[in-house]
Amino acid sequence: MKLLDVEIAENKMIANGIYLLSFESEYLANAFKPGNFVNILVEKDSIYPLLRRPFSISFVKENKVFIGYKVVGRGTQILSQKKKGDTINVLGPLGNSFLVDRFDGKVAVVGGGVGIFPLLSLCHELKKARNEVDVFLGFRSRSDLFFVEEFKEVSDNLFISTDDGSIGYKGNAVEVFKTKIEEENYKVAFSCGPKPMLSALKSLNLTFKCYISLEEKMACGIGACLCCSIKGKDGNMLHVCSDGPVFDIMEVEI
1 MKLLDVEIAE NKMIANGIYL LSFESEYLAN AFKPGNFVNI LVEKDSIYPL LRRPFSISFV
61 KENKVFIGYK VVGRGTQILS QKKKGDTINV LGPLGNSFLV DRFDGKVAVV GGGVGIFPLL
121 SLCHELKKAR NEVDVFLGFR SRSDLFFVEE FKEVSDNLFI STDDGSIGYK GNAVEVFKTK
181 IEEENYKVAF SCGPKPMLSA LKSLNLTFKC YISLEEKMAC GIGACLCCSI KGKDGNMLHV
241 CSDGPVFDIM EVEI
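Note that the UniProt record's numbering has the sequence shown beginning at 1, numbered continuously upward.
Here's what the structure looks like:
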């Protein structure tokens, strides 16, 4: 990992309160693996916000790094106001990554909300490894949709669901995934999304491996501040930033 000052290339709204930010970094683009994240100091010349914010890397293209985020507080609100040419300070890449291999059977990818962002590069690598990939994406409403066309390009089947039924299936991504489990020969699943969604996924008691990327507040990104601590299955404490963010779903309490 490195500490980098980078110049914003683009920072645009792509859905309701959802933004896609990009910057050039040959180092990050080459070092990145699906599942990695960065910690961003939103205002490098100000004491507020004091703490860094974690953001998953959605994908890289040549030497350009793309990061998706939702405006949920003061830090992301400030970030959303950044313009092309503005400088931010980035620490990364951080964390572990998803296991990418050629699996003997179908692969399921389940995402909800901003948890969808890190799954795009994962799907790209899964297809590159010649896997058959079914993708299940859940949104609140039609106005919240993003990356639909991009996921069509890196999946064999794409299932869209919305909480209000305004487009696709009515319900969440896990509910749609559940209807397909018995009829499809899935060998492994990958997921990222809000904790209630991941908890519902764990309750399915899948007979195949499932790897999840957890979303937590992280100040340091290197396991020092302990604010992202979670319980492992044996009661041991794990740090999402340094032990994760990717875990076997059965190895952590959700």
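Cβ coordinates follow ideal geometry from the N, Cα and C atoms, glycine included.
* Can the beta-carbon of Val174 be found closer than 7 Å to that of Leu201? -> yes
* Out of Pro196, Leu206, Asn172 and Met197, point me to the one whose CA is closest to Asn185's CA. => Leu206
* Beta-carbon proximity list for Leu79, same chain, < 6 Å, skipping 5 on both sides -> Val42
* Name, in chain order, the residues that DSSP records as bridge partners for Glu7. => Thr87
* Residue ranges of each alpha helix (DSSP H) within the UniProt domain "FAD-binding FR-type" (1-100), 4 or longer -> 26-31 and 74-80
* Inter-residue CB distance, residue 255 and Asn36 (contact presumed, cutoff 8 Å) -> No statement about residue 255 is possible, as the shown extent of the chain runs from 1 to 254 and does not include it.
* To do: Assign Glu215 to buried or exposed, taking buried as 16 or more other Cβ atoms, counted over all protein chains shown, within 10 Å of its Cβ.
  => buried
* Asked: Between Val114 and Lys61, is the Cβ-Cβ spacing less than 7 Å?
  -> no
* Would you list the one or two residues that DSSP bridges to Lys170? => Thr162
* Are three or more beta carbon pairs between the region 217-224 and the region 122-130 nearer than 8 Å? -> no
* To do: Taking Met197 as part of the alpha helix (DSSP H), name the residues at either end of that continuous run.
  => Lys195 to Lys202
* **Neighbourhood of Lys152 by C-beta distance below 6 Å, restricted to the same chain and skipping five residues each side** => Leu158
* Measuring alpha carbon to alpha carbon, tell me which of Glu132, Leu28 and Ala189 ends up nearest Val109. => Ala189
* To do: May I ask which residues mark the beginning and end of the beta strand (DSSP E) holding Lys106?
  => Lys106 to Gly112
* To do: Can you give me the start and stop residues for the alpha helix (DSSP H) that Lys128 sits inside?
  => Leu119 to Lys128
* To do: Using three-state DSSP, classify Asp156 as helix, strand or coil.
  => coil
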